[in-house]
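A.B. asks:
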Amino acid sequence: MQRYGRSRRLIASAVALLALGACSTGGPQASGKVSPETSADPALAAVASANASPGGSVAPGLPTASGAASASASARPSATPGASAAAAAGKCARSAGSAPKAKVTEVKLPNAVIGYGSEGDTEKLPMAIAARPDGTSWIAWTGANGKINLGRLGCDDKLTGTPTSFPGIDLQDVAADATGGVLLLTRKGACGDGPLCGGESSPCNTMHMVRFDNSGTLVWERQVTNLTGGRQGYDDGARFIWWYQHHGRLATDGTNWAAYFGVAITVKNGSCVDVHEGDRMQVVSAGGKLVGGHRDAFEVGCSHAWTSRIVWDPRAKKFVTVCATDNECRIAQPDPYRTVAAGTCDGSLFNGDVVLARSKGYWAAWSQGGSVRLEKFTTGKATSTVKPGVSAAHPHLVGYGSGRMLLAWQSGSGMAVRAFDSGSGKALGGTVSVAVKDHAYQAFKGYADGSAAYPAAGSSSTRVKIARILPMA
Numbered sequence: 077m078q079r080y081g082r083s084r085r086l087i088a089s090a091v092a093l094l095a096l097g098a099c100s101t102g103g104p105q106a107s108g109k110v111s112p113e114t115s116a117d118p119a120l121a122a123v124a125s126a127n128a129s130p131g132g133s134v135a136p137g138l139p140t141a142s143g144a145a146s147a148s149a150s151a152r153p154s155a156t157p158g159a160s161a162a163a164a165a166g167k168c169a170r171s172a173g174s175a176p177k178a179k180v181t182e183v184k185l186p187n188a189v190i191g192y193g194s195e196g197d198t199e200k201l202p203m204a205i206a207a208r209p210d211g212t213s214w215i216a217w218t219g220a221n222g223k224i225n226l227g228r229l230g231c232d233d234k235l236t237g238t239p240t241s242f243p244g245i246d247l248q249d250v251a252a253d254a255t256g257g258v259l260l261l262t263r264k265g266a267c268g269d270g271p272l273c274g275g276e277s278s279p280c281n282t283m284h285m286v287r288f289d290n291s292g293t294l295v296w297e298r299q300v301t302n303l304t305g306g307r308q309g310y311d312d313g314a315r316f317i318w319w320y321q322h323h324g325r326l327a328t329d330g331t332n333w334a335a336y337f338g339v340a341i342t343v344k345n346g347s348c349v350d351v352h353e354g355d356r357m358q359v360v361s362a363g364g365k366l367v368g369g370h371r372d373a374f375e376v377g378c379s380h381a382w383t384s385r386i387v388w389d390p391r392a393k394k395f396v397t398v399c400a401t402d403n404e405c406r407i408a409q410p411d412p413y414r415t416v417a418a419g420t421c422d423g424s425l426f427n428g429d430v431v432l433a434r435s436k437g438y439w440a441a442w443s444q445g446g447s448v449r450l451e452k453f454t455t456g457k458a459t460s461t462v463k464p465g466v467s468a469a470h471p472h473l474v475g476y477g478s479g480r481m482l483l484a485w486q487s488g489s490g491m492a493v494r495a496f497d498s499g500s501g502k503a504l505g506g507t508v509s510v511a512v513k514d515h516a517y518q519a520f521k522g523y524a525d526g527s528a529a530y531p532a533a534g535s536s537s538t539r540v541k542i543a544r545i546l547p548m549a
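Numbered per our numbering, the sequence shown finishes at 549, counting up by one with no gaps.
1. Looking at C-alpha atoms only, which residue of Ser435, Leu450, Lys393 and Gly423 is the closest neighbour of Val416?
2. By the 10 Å Cβ neighbour count, where 16 or more other Cβ atoms means buried, how is Ala373 classified, buried or exposed?
3. What number of angstroms, rounded off, separates the C-alpha of Arg325 from the C-alpha of Lys264?
4. Count the other C-beta atoms from every protein chain shown that fall within 10 angstroms of the C-beta of Ala516, then say buried if there are 16 or more, exposed otherwise.
5. Reducing DSSP to helix, strand and coil, say where Trp319 ends up.
6. On the three-pair Cβ rule with 8 Å, is the segment 396-410 touching the segment 366-386?
7. Residue range of the beta strand (DSSP E) that Pro531 falls in?
8. Under 8 Å, with one C-beta from each stretch per pair, do the segment 339-355 and the segment 249-265 reach the 3-pair mark?
9. Leaving out five residues before and five after Cys168 in sequence, what residues of the same chain have Cβ atoms less than 7 Å from its Cβ?
10. In the DSSP assignment, find the beta strand (DSSP E) that holds Ala178 and state where it starts and stops.
11. Can you find the residues in the same chain that come closer than 6 Å, C-beta to C-beta, to Ser487, ignoring five residues on each side of it along the sequence?
12. Using DSSP bridges, identify the partner residues of Asp289.
13. Taking buried to mean at least 16 other C-beta atoms within 10 Å of its own C-beta, is Asp233 buried or exposed?
14. Could you spell out the range, first to last residue, of the beta strand (DSSP E) harbouring Val512?
15. From this set, Asp389, Phe395, Asp350 and Gly346, which residue's C-alpha is nearest Val359's C-alpha?
16. When the distance is taken between beta carbons, is Gln409 closer than 9 Å to Thr455?
17. Whole-angstrom Cβ separation of Thr328 and Asp253, contact assumed at under 8 Å?
18. Starting from Glu297, follow the beta strand (DSSP E) in both directions and report where the run begins and ends.
19. Please report the straight-line C-alpha distance between Gly368 and Val508, rounded to a whole angstrom.
20. For the beta strand (DSSP E) that Pro279 lies in, which residues bound it at each end?
21. Let's test the definition: count the other Cβ atoms within 10 Å of the Cβ of Thr238 and tell me whether it reaches 16, buried, or not, exposed.
22. CA-CA distance, Ser291 and Trp442?
23. Would you call the segment 294-306 and the segment 343-350 touching, i.e. three or more CB-CB distances under 8 Å?
24. Return the bridge partner residues of Ser426 from the DSSP annotation.
25. Answer with buried or exposed for Ala141, where buried requires no fewer than 16 other C-beta atoms within 10 angstroms of its C-beta.
26. Unbroken beta strand (DSSP E) runs of length 3 or more, entirely within the segment 187-215: which are they?
27. May I have the straight-line CA-CA distance separating Thr218 from Asn225, to the nearest angstrom?
28. In the structure shown, what three-state DSSP assignment does Gly237 receive?
29. Helix, strand or coil: how does DSSP classify Gly338 here?
30. With burial defined as no fewer than 16 other Cβ atoms inside 10 Å of the residue's Cβ, what is the status of Gly244: buried or exposed?
31. Would you identify the three-state DSSP class for Leu432, choosing helix, strand or coil?
32. If Arg544 sits next to Ala529, beta carbons under 8 Å apart, how far is it from one beta carbon to the other, in whole angstroms?
33. Check the C-beta distance from Leu482 over to Pro176 and give it rounded, since I have them as a contact under 8 Å.
34. By Cβ distance below 6 Å, which residues in the same chain neighbour Lys365 in space, the five residues on each side in sequence not counted?
35. Whole-angstrom Cβ separation of Ala335 and Leu259, contact assumed at under 8 Å?
36. In chain order, what residues of the same chain have a beta carbon less than 8 Å from the beta carbon of Pro471, not counting five sequence neighbours either side?
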C-alpha cells in the first residue's frame, strides 16, 4: 500500500502511473486482505487489525456532532404512485435487429458538465447513466455549478422534466429501480491535525449513497466511509476519500445497495499516522442503514486498488467484486485475494468490468499493454480466456440481453463495440463503430429490453451524447 508519509513528489509520480492502471514493482506479495510493502513497516502491519467495522459510528449523510448513526431526518416513502405499473409495462421495448446497431442522441442540459478531457482515476467523473426498469434512464453529472445533478431521460434518450441536484463534489455512479434510484457521490470532509508522519495535507472527503424517489426527491443518505464528529481523516482507523485512486461503482440485490470504491486508510505509526490506499465495499439496506456483518462487505479488500468493479449475482445470491491491484500485479477478487488473471506491473494493467456469464460464473474484461482479454471465472482463477484481437487500454463490458455481453473500447476518435456469447465467449457478428468519445472510467449500462447505453461528451459543455446500442434479436 502507498505510504502517504513519503514525500508528495514520490506519491504524485506513483499516481501518474496508477491513473493509467499501473502498479508498483515493489508491490505486496501476500495473500491476505491487506499486505504491507515491507515487513519492516509497523504501520502497514497494523492495517489488518484496524479493519474492524465501526458499526453504528458511521453517520448518515454529513457527519453529525455526536457521530451517532441514525436514519436521515429527511426520510420519506420511497415509492411514487404508478411506478410499478410503468416498470411492468416496459414501455421503451426497442426494436431488435440481427446485429448491434448504434443510435446516438445529443441532449442539452440546463448547466454545464465539468471538463471531459482528463481521464485519470484521480480526476472527477463527468457523468453516469442508470437503466430504469421501464427502459427510460436517469443521467447524473458532476456540474460546473458545484453540485451533482440528476435528470430523467425518456425512451428517446432525451431529457424530460426538470433536473434536480444534490450536494456533492465528485460523482461516482448512479443506479435505479422501479421506485427511484441511488447516487454514489463524494462530499467534503475534515482531515484533523494528524499529525502525519511526513508529506503534505490531503483532502479527507467522504463517500455517500443518496437515495431518491421517482420525482428526484431525497429519500435518505448514508455515508459509507467512516468519518464522524469523533473521527477525522488523520485519526487512526479512518477510512476516507482523497485525491488518490478513489472511484466506485454501485450494485443492488433488489433490496439492498452495495458500493465498492477506492479508499484511503489511516494507520497509527508511533506518534504520527500514515495514510495508505485500498478499496472498500459496504452494503446499505432499503431503509438507508448500514448492513452490519454482511457476508460480502469488507473494510479493506485489494491494496493498492484501482478500477474496482461489482455485480450482483442472483443465482449465487452474492455481490461479486473484482479489482486491479499491485498485490502480485493481477486482476483479483478480494477478501481474501483470489487471482482471476495474472498481470505485470508495467503501468498498463487495467480492470474493465465484470458481468454475469450464462448459467453460472462471470466474465471480466481487462487489458495489459493495450491488449484486451476476456476471462471467464467462478471463484478465482479464470477457466476460459478469450483474446478478441482488440488493441485498447480501457475496455468496457456490459450485459447485452439474454446470454450476450457487449465489449466496448476506444477506436480512433470514437468507440467500437462487439457482441459476444456470455456462455462460450464466441464473437457474435462484427465490430460496430460508435461516434462518441470514450472515457476510461465511465460505464455502459444494460437495459431490460436488451439494449445498452453509454453517456459521452457532447458538442459543448452543456450537451452530452447518449450512445444507445440497440438490442439483438
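Ideal Cβ placement from N, Cα and C applies to all residues, glycine included.
C.D. replies: Answer, in terms of the structure:
1. Looking at the Cα atoms, Leu450 is the closest of the given residues.
2. By the 16-neighbour rule on beta-carbons within 10 angstroms, Ala373 is buried.
3. Approximately 19 Å between the Cα atoms of the pair.
4. Counting Cβ neighbours within 10 Å, Ala516 comes out buried, since at least 16 surround it.
5. In this structure, Trp319 counts as coil in the three-state DSSP scheme.
6. Touching, yes, given that three or more Cβ pairs across the two stretches are closer than 8 Å.
7. Taken as a continuous stretch (DSSP letters only), the beta strand (DSSP E) holding Pro531 covers Ala528 to Ala533.
8. Taking 8 Å as the limit for Cβ pairs, the verdict is that the segment 249-265 does not touch the segment 339-355.
9. If you ignore the 5 residues before and after Cys168, its C-beta comes within less than 7 Å of the C-beta of Asp210, Gly211, Thr212, Cys231 and Asp525, all in its own chain and listed in chain order.
10. Taken as a continuous stretch (DSSP letters only), the beta strand (DSSP E) holding Ala178 covers Lys177 to Lys184.
11. The beta carbon of Ser487 sits closer than 6 Å to none of the beta carbons in its chain outside the five residues before and after it.
12. Paired residues: Gly256.
13. It counts as buried.
14. Note, Val512: premise wrong, no beta strand (DSSP E); not H, not E.
15. Among Asp389, Phe395, Asp350 and Gly346, the Cα nearest to that of Val359 is on Phe395.
16. Yes. Within cutoff.
17. Right, the Cβ-Cβ distance comes to about 7 Å (below 8 Å), so this counts as a contact.
18. Taken as a continuous stretch (DSSP letters only), the beta strand (DSSP E) holding Glu297 covers Leu294 to Gln299.
19. Cα to Cα, Gly368 sits roughly 45 Å from Val508.
20. Neither: Pro279 is in no beta strand (DSSP E) and is coded neither H nor E.
21. With fewer than 16 neighbouring CB atoms inside 10 Å of its own CB, Thr238 falls in the exposed class.
22. Roughly 37 Å between the two C-alpha positions.
23. Counting C-beta pairs with one atom in each stretch, the segment 294-306 and the segment 343-350 have fewer than three that are closer than 8 Å, which means they do not touch.
24. The question names Ser, but residue 426 is Phe in the sequence shown. The partner list for Phe426 (beta bridge, DSSP) reads Ser443.
25. Interpretation of Ala141 is limited by its pLDDT of 26, a score under 50 that renders its predicted location unreliable; no figure is taken from the coordinates.
26. Fully enclosed beta strand (DSSP E) runs of 3 or longer: 203-207.
27. Our two residues, Thr218 and Asn225, have alpha carbons roughly 6 Å apart in a direct line.
28. Correct three-state label for Gly237: strand.
29. It is a strand residue.
30. Answer is buried; the Cβ neighbour count reaches 16.
31. The answer is strand: DSSP assigns Leu432 an E or B state.
32. Right, the Cβ-Cβ distance comes to about 5 Å (below 8 Å), so this counts as a contact.
33. So it is a contact: roughly 7 Å between Cβ atoms.
34. Here the set comprises nothing.
35. In fact, because the Cβ distance is near 10 Å, the residues do not count as touching under 8 Å.
36. Only residues of its own chain outside the window of five on either side were considered, and among them Phe426, Gly428, Asp429, Ala441, Trp442, Ser443, Val448, Leu483, Ala484 and Trp485 have a CB closer than 8 Å to the CB of Pro471, listed in chain order.
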